[in-house]
Each structure stands twice: as structure tokens, then as C-alpha cells.
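Trainee: Structure in C-alpha cells, see below.
Number of protein chains: 2
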Amino acid sequence: MDIQLKRGLLDVCVLAAIKNEDSYGYKIIKDVKPYIELSESTLYTILKRLEAADMLSVRTAEHGGRLRKYYHITDKGLRRIEDFKDEWKEMLSIYRFVSKEDEGNGQA
Amino acid sequence: MDIQLKRGLLDVCVLAAIKNEDSYGYKIIKDVKPYIELSESTLYTILKRLEAADMLSVRTAEHGGRLRKYYHITDKGLRRIEDFKDEWKEMLSIYRFVSKEDEGNGQA
DNA sequence: CGTTATACATCATATCACGAAGTATTGTTT
DNA sequence: AAACAATACTTCGTGATATGATGTATAACG
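From first to last, the protein sequence lines are chains A and B.
Position one of the first sequence corresponds to residue 1 (this note's numbering), numbered consecutively onward.
Position one of the second sequence corresponds to residue 1001 (this note's numbering), numbered consecutively onward.
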């Protein structure tokens, strides 16, 4: 997928991946990859950004002797998802505009 | 609309605006604005980029004593629109992933 | 003549995805 | 145990790009 197109989608994808239950970096990547490709460096950048924006909170927990950072979605994060649904409507109208065929001179 | 989301849409919107007939800067802005907000500086940046990418060609013509630059879509530009339609399918699946409700514990 | 609309151009700034490279621990295979 | 893969997170530099601010120039309008 076009990288510019991804820019608006990655954040909400990550939020969606932790919406139903807290998750951590490695798992988020696996859950999101079927829908959109993202690398580790990208993911962790996004997580930091979303944390700074108060859209998720972090908790460190031990698991199998190793530390994991579990991410939990906040109210603001949930609202971001709802906003995206609204934006989707705008995108739909854009899609129609872009994919509309020329119906210029009707009868050939 | 979220600025990151716009990034992937603006190029194709501009291409769509000249798809059916050649157009020029000021008119493109007016045609696209009902669907997505864009300023002059943004538009002319995009036009330059699309020209460099061979997605449109430019012709300067006089109109009412002033010069206008008319933009014409190329085959490559048309292909970009078709590619966008394919990407739309991916975006649809992403939308479903993001807006999917938790159906975790079925019967409450 | 002053103001507005038309028309195009340039620059600096901030945001962001991503590859590359690194650190560290836990299996797993040889 | 040595080697390697998988898990898990981090940092850095780079390139792409939307946008406001600013500038130039002409036509139309009052």
C-alpha cells in the first residue's frame, strides 16, 4: 500500500489492536500485519506517539522472565477510533469523486 | 479531516479533478474543495510532484490576457487512479478491522 | 485609484514511516 | 556448550510532504 495512504491508517490500526484487550509490541505487529504492513521501528514510534497523546497507557509486566510493556487504550483512544469512523464517511465521498466515470456527452 | 489521512488522498483527488478535462490551479482548488480542503501552496506543490512523476503534463496558454498553466493527465496518472481503486479494497478491510465491535463473550 | 479575485511561486517548519543497527533474554538445534 | 532463531524493545538518520506565510502580477469592479 502507498506509504502516504498508510499514514492516516496506522495509528487507528494500532488502537484497534488493543481495543478489546491489552497487548504488547510484538503481538500488535502480528495482529495488524494481515491488514497493513508495519515494522518494529514504525510500531514503537507509533506507540510512543499515542502514549504522548494520551490515547493509551502503559504498564510493564513480567512474562516468562522477560519484561513486556502492555498497552491499554484510554477514552481518548476510543474517541480517536470513533472520529476515524466519521472520517471514513468523508473518504467514501472522496472515493466516489475519484472513481467516478466521465458521463460527459451522454449519447455517443 | 486528519492531516495524515489527507496525505494519501490529495494526489488522486487532483488527478481526478483533471481526469475528464484539462484544468488549471485555481479551478482545481475549487473543484476539489467540496471533497477535501487544500490550500494553494499545497496544490502547487502537488502539481509539481505529479508533473515530475509523469502523471500529468503541462501546457501554458493565454486566457484573458493572463497566462494559465493547463494540466493534462497522462496514462501514468490514469493508472495511479486505478491503483487507488485497488488500494481502496485494502482500506475497506482495514476499516472493518478498526470499526469491528468486540463480540468477545457472546451471550451476556 | 483602491480593493478584490484570479493565478502562480517559494520557503521554512513540523510530522512521520522506515531501514539499519543495537541490546538482551529465552528456547532450540547441533 | 556453542550456535542460532525467536521474542521484545530502543534509537538514529533520512526522505517525503502538507501547510502557513509571503511574494509577484494582472484583470475586474466600484
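Cβ coordinates follow ideal geometry from the N, Cα and C atoms, glycine included.
Is it true that the CB of residue 72 (chain A) sits closer than 8 Å to the CB of residue 22 (chain A)?
Mentor: Their beta carbons are under 8 Å apart, which means residue 22 (chain A) touches residue 72 (chain A) by this criterion.
Trainee: May I ask you to report which of helix, strand or coil DSSP gives residue 1126 (chain B)?
Mentor: No answer is possible for residue 1126 (chain B): it lies beyond the span of chain B, which begins at 1001 and ends at 1108.
Trainee: Can you tell me whether residue 95 (chain A) is helix, strand or coil according to DSSP?
Mentor: Residue 95 (chain A): helix per DSSP, three-state reduction.
Trainee: Note down, in chain order, all residues in the segment 1026 to 1037 of chain B with a beta-carbon under 7 Å from any beta-carbon belonging to chain A.
Mentor: Within the segment 1026 to 1037 of chain B, the residues whose Cβ lies closer than 7 Å to some Cβ of chain A are 1035 and 1036, listed in chain order.
Trainee: Pick helix, strand or coil for residue 1079 (chain B), following the three-state DSSP scheme.
Mentor: Here residue 1079 (chain B) sits in helix by DSSP.
Trainee: Is there a C-beta anywhere in chain B that falls below 8 Å from the one on residue 77 (chain A)?
Mentor: Not one chain B Cβ lies under 8 Å of residue 77 (chain A).
Trainee: Please confirm if residue 1055 (chain B) has its CB atom under 8 Å from at least one CB of chain A.
Mentor: Output row for residue 1055 (chain B): interface = no.
Trainee: With a threshold of 8 Å between beta carbons, is residue 16 (chain A) in contact with chain B?
Mentor: Residue 16 (chain A) counts as touching chain B.
Trainee: Any idea which residues DSSP pairs residue 62 (chain A) with across the strands?
Mentor: Residue 62 (chain A) is bridged to A:67.
Trainee: Let me know the secondary structure DSSP gives residue 56 (chain A) once reduced to three states.
Mentor: DSSP places residue 56 (chain A) in strand when its eight states are reduced to three.
Trainee: Could you give the distance in angstroms between the alpha-carbon of residue 79 (chain A) and the alpha-carbon of residue 1037 (chain B)?
Mentor: About 23 Å.
Trainee: So who's on the other strand from residue 73 (chain A), going by DSSP bridges?
Mentor: Paired residue(s): A:56.
Trainee: Out of curiosity, what's the CA-to-CA distance linking residue 91 (chain A) and residue 6 (chain A)?
Mentor: Going by the C-alpha atoms only, they are around 14 Å apart.
Trainee: Quick one: using the 10 Å Cβ neighbour count with 16 as the cut-off for buried, is residue 1108 (chain B) buried or exposed?
Mentor: With a pLDDT of 48 at residue 1108 (chain B), under the threshold of 50, the predicted position of this residue should be treated as unreliable, though the coordinate-derived value follows. Label assigned to residue 1108 (chain B): exposed.
Trainee: What does residue 43 (chain A) touch in chain B if you count any residue whose Cβ is under 7 Å from its own?
Mentor: The premise fails here: residue 43 (chain A) is roughly 16 Å from chain B at the closest Cβ pair, so nothing lies under 7 Å.
Trainee: Beta carbon of residue 1008 (chain B), beta carbon of residue 86 (chain A): below 8 Å?
Mentor: Taking 8 Å as the Cβ cut-off, residue 1008 (chain B) and residue 86 (chain A) do not qualify as a contacting pair.
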